[in-house]
Amino acid sequence: MSATAEKVPSRRHAARLREGRAAWILALPFCLLFLTFTLWPVIQSLFMSVTDTRSRDLRTPFAVEFIGLENFTRAFSDEKFLTSAGNTAYFVLVGVPLTMALALAAALALDKGITKFRSAFRLGFYTPVITSIVAVAVVWRFLLQDEYGLFNTVLGWFGIDGPNWLGDPNWSMPSLIMLAAWRNFGTGMIIFLAGLQSVPWSLHEAAAIDGANTVQRFRHITLPLLRPTLLFVTVTTSIGYLQFFEEPFVMTRGGPLDSTLSMSMYTYQQFGFGNYGYAAAMSYIIFVVIAIVTAIQFRLLREKT
Amino acid sequence: MLNKRKSHWWLYAVLTVALVAVIAPFVWMVLGSFKSEGELRQAPPTWIPQSPSWDNYTELFSRLDFGTYFTNSIVVAVAVTAGNLLFCSMLGYALALLEFPGKRALFTVVMATLMIPGVVTFVPLFVLVANVGLINSLPGLILPFLVAPFGVFLMRQFFLGLPRDLLDAGRVDGAGELRIFAQIFLPLAGPAMATLGILTFLGSWNNFLWPLVVAQTEENYTLPVALALYSVGQNSTQYGLLLAGATVVLVPVLLVFLVFQRRFIEGIATTGIK
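Sequences listed follow chains A and B, in order.
Mapping to numbering that gives the first Met the number 0: the first sequence position 94 is 93, numbers consecutive.
Mapping to numbering that gives the first Met the number 0: the second sequence position 204 is 203, numbers consecutive.
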């Protein structure tokens, strides 16, 4: 009797061991690659940020000097870095609301406003999302050209003399914001469309019987129920825009007169100059900014209880 | 009674104008790639090519080596996609259905890195790849992207939705743990694998900054790298050539998208990540 009582737990124990071993066999390839190419670089980046590592120190990584927070203080007194921070703020503060407004408008129109060709419109609006920024840049640089660009030609039909979009420091950032909104609103639109499915139609009907008009119903029914979706789209769009890099890199190289130099781009430039420690420090500043902005958005937009 | 969907004619008008505005750059790009240099510099610009020709494409694949870049892009994207499909579904399955020591910690660490911006790992990753001598090689373009936390998240969510009974049934039948994964669960994961595969392939195909830094000579360029370098280099004034190059980069992706659009859009809607 005692023999069977012992046997059962030990068999269960063996099964659990087998399960654990199988799980780790399945996890191992991912873990090795993840450790080498993600986790280790994240830690090393932190280490670099408090040292004076430069490109010539590549072969002797332990010969570098510990300089504490000097890279960080240097960044905050570096005028070019501050300019890039201002540009990034401009891009995020204008770009995120614009992108979200376009996404929400498109989603609302497709969800309730029309009955035919919905998937065709959805497909069309989503297309820019999947395109390579390099290819898009080639095309947009032509469209935005001063003389024979399509943009200024169309403006000309209405008697407007369009600016030199990418060449004028005042218009370069609005150009990039337009490009980013065009390229990204499709993602938000799809997520909003999914979110709108969760707004029960019976609520709209009940409110309409009570005499609520379209605007009131949007404000008091759709918007509150869409709050989690709004939070999600705001956070993901902001995280993406705070790192904005590719648009200026391929369109303007940060110019003219640093008017489109973003934080990520300045970091990349410093990397290019071989200032690895300084670049790592700035990358962590971007990371901290993203974490703070995300936390604030969660506080502002989460469900009110 | 309130009508669930009313069609407003003016909304069709607004949406159509918007659609034309969104799609116009692509149409103009494809049409422009068949134009001559002279025509591209005309003011006002033309839409329909006056005398369409394949000259730009011929030059792209004969004088410039776009065939090689195209092959490199395919090789890198296929390898990266295969790695993500295999390794992320393995870990995703373990996290969803198996119990093992360290499971919670592993999941937390992997998910935490989803938030870390790419620029943080960029410098040390470059140093690492340089130190092991993989700079300017295709493995250098592939290895750092073989796994991604996003894939684990997606596959784990999918496996959580499958019935656990399948696992118990497999065990009762005496199948080994790995066999249960490979022969029972993996064949059911088709929809999630399709979504992950398409998103990963696309991300890799469009990936730009890392290949730009790592691929240093022409034989290792991917398409975006080549196009980016030509658009600032000595060919930067050959507009027709650049438009044809942009078309070569975009058309395969557009085709994949048109064929698999349903999977795409479901994937975005459920995970929220492109």
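A virtual CB, placed ideally from N, CA and C, is assigned to each residue, including glycine.
Query                                                                                                                                                                   : Result
For K115 of chain A, count neighbouring Cβ atoms within 10 angstroms of its own Cβ and tell me buried if that reaches 16, exposed if not.                               : exposed
Around the C-beta of L34 of chain A, are 16 or more other C-beta atoms found within 10 angstroms, so that it is buried, or is it exposed?                               : exposed
Who are the near neighbours of M28 of chain B in its chain, counting only those whose CB is closer than 7 Å to its CB and skipping five residues on each side?          : L242, A245, T246
Should G194 of chain A be labelled buried (16 or more other beta-carbon atoms within 10 Å of its own) or exposed?                                                       : buried
List the DSSP bridge partners of T50 of chain A.                                                                                                                        : A:F65
Would you mind sorting W139 of chain A into buried or exposed? The rule is 16 or more other CB atoms within 10 Å of its CB.                                             : buried
Chain A beta carbons: is any one of them nearer than 8 Å to that of I183 of chain B?                                                                                    : no
Closer than 9 Å by beta-carbon distance: list the chain B residues that pair up with Y240 of chain A, in chain order.                                                   : Within 9 Å Cβ-Cβ: nothing; Y240 of chain A doesn't reach chain B, min ~12 Å.
Beta-carbon within less than 7 Å of V79 of chain B's beta-carbon, same chain only, minus the 5 sequence neighbours each way: which residues are those?                  : I141, F144, L145, T199, S203
Are any of the Cβ atoms in chain A nearer than 8 Å to that of P24 of chain B?                                                                                           : yes
Who are the Cβ neighbours of T70 of chain B in its own chain at under 8 Å, not counting the five residues just before and after it?                                     : none
In whole angstroms, what separates the C-alpha of P116 of chain B from that of F286 of chain A?                                                                         : 6 Å
Going by the CB atoms, is the gap between V252 of chain B and L211 of chain B shorter than 8 Å?                                                                         : no
The region 277-294 of chain A: which residues have C-beta closer than 9 Å to a C-beta of chain B, in chain order?                                                       : A278, A279, M281, S282, Y283, I285, F286, I289, A290, T293
Check each residue of the region 25-44 of chain B: if its Cβ is closer than 9 Å to any Cβ of chain A, include it; give the result in chain order.                       : F25, W27, M28, G31, L39, R40, Q41, A42, P43, P44
Tell me where the alpha helix (DSSP H) around A81 of chain B begins and ends.                                                                                           : 65-96
Applying the criterion that 16 or more other CB atoms from any shown protein chain within 10 Å of the CB defines a buried residue, is P24 of chain B buried or exposed? : buried
Assuming L14 of chain B and F90 of chain A form a contact by the criterion Cβ under 8 Å, report the distance between their Cβ atoms to the nearest whole angstrom.      : Incorrect: roughly 27 Å between the Cβ atoms, too far for contact.
Counting only Cβ pairs nearer than 9 Å, list the residues of chain A close to Y56 of chain B.                                                                           : Near Y56 of chain B there are no residues of chain A at all, since even the closest Cβ is about 15 Å away, more than 9 Å.
Is DSSP giving V198 of chain A helix, strand or coil here?                                                                                                              : coil
Give the single residue among B:A129, B:V151, B:V26 whose Cα lies nearest to the Cα of P28 of chain A.                                                                  : B:V151
What does a CB cutoff of less than 8 Å around R163 of chain B pick up in its chain, not counting 5 residues either side in sequence?                                    : L96
Kindly say whether T120 of chain B, judged by its beta-carbon, lies nearer than 8 Å to any beta-carbon of chain A.                                                      : yes
Using only the alpha-carbon positions, how far apart do M99 of chain A and L225 of chain A sit?                                                                         : 13 Å
How about A180 of chain A and L97 of chain A: are their beta carbons less than 8 Å apart?                                                                               : yes
Over the uninterrupted alpha helix (DSSP H) stretch that includes F121 of chain B, give me the two end residues.                                                        : 117-130
Taking just the CA atoms, how far does A206 of chain A sit from M154 of chain B?                                                                                        : 41 Å
Taking the straight line between their C-alpha atoms, what separation do you get for L68 of chain A and L228 of chain B?                                                : 37 Å
Closer than 9 Å by beta-carbon distance: list the chain A residues that pair up with T112 of chain B, in chain order.                                                   : F33, T37, L38, V41
From what residue to what residue does the alpha helix (DSSP H) around S230 of chain B run?                                                                             : 222-231
When you compare the CB positions of M250 of chain A and L165 of chain A, do they come within less than 8 Å of one another, or not?                                     : yes
Using 8 Å for Cβ pairs, my map puts T107 of chain B next to P40 of chain A. What's the rounded Cβ distance?                                                             : With 8 Å as the limit, T107 of chain B and P40 of chain A do not qualify as a contact, their Cβ atoms being about 19 Å apart.
Does any residue of chain B have a CB that is nearer than 8 Å to the CB of L299 of chain A?                                                                             : no
Hey, F270 of chain A and A278 of chain A are a contact pair by Cβ (cut 8 Å); roughly how many whole angstroms apart?                                                    : 4 Å
If you check the beta carbons only, do F86 of chain B and L113 of chain B fall under 8 Å apart?                                                                         : no
Return no unless some Cβ of chain A is closer than 8 Å to the Cβ of A214 of chain B.                                                                                    : no
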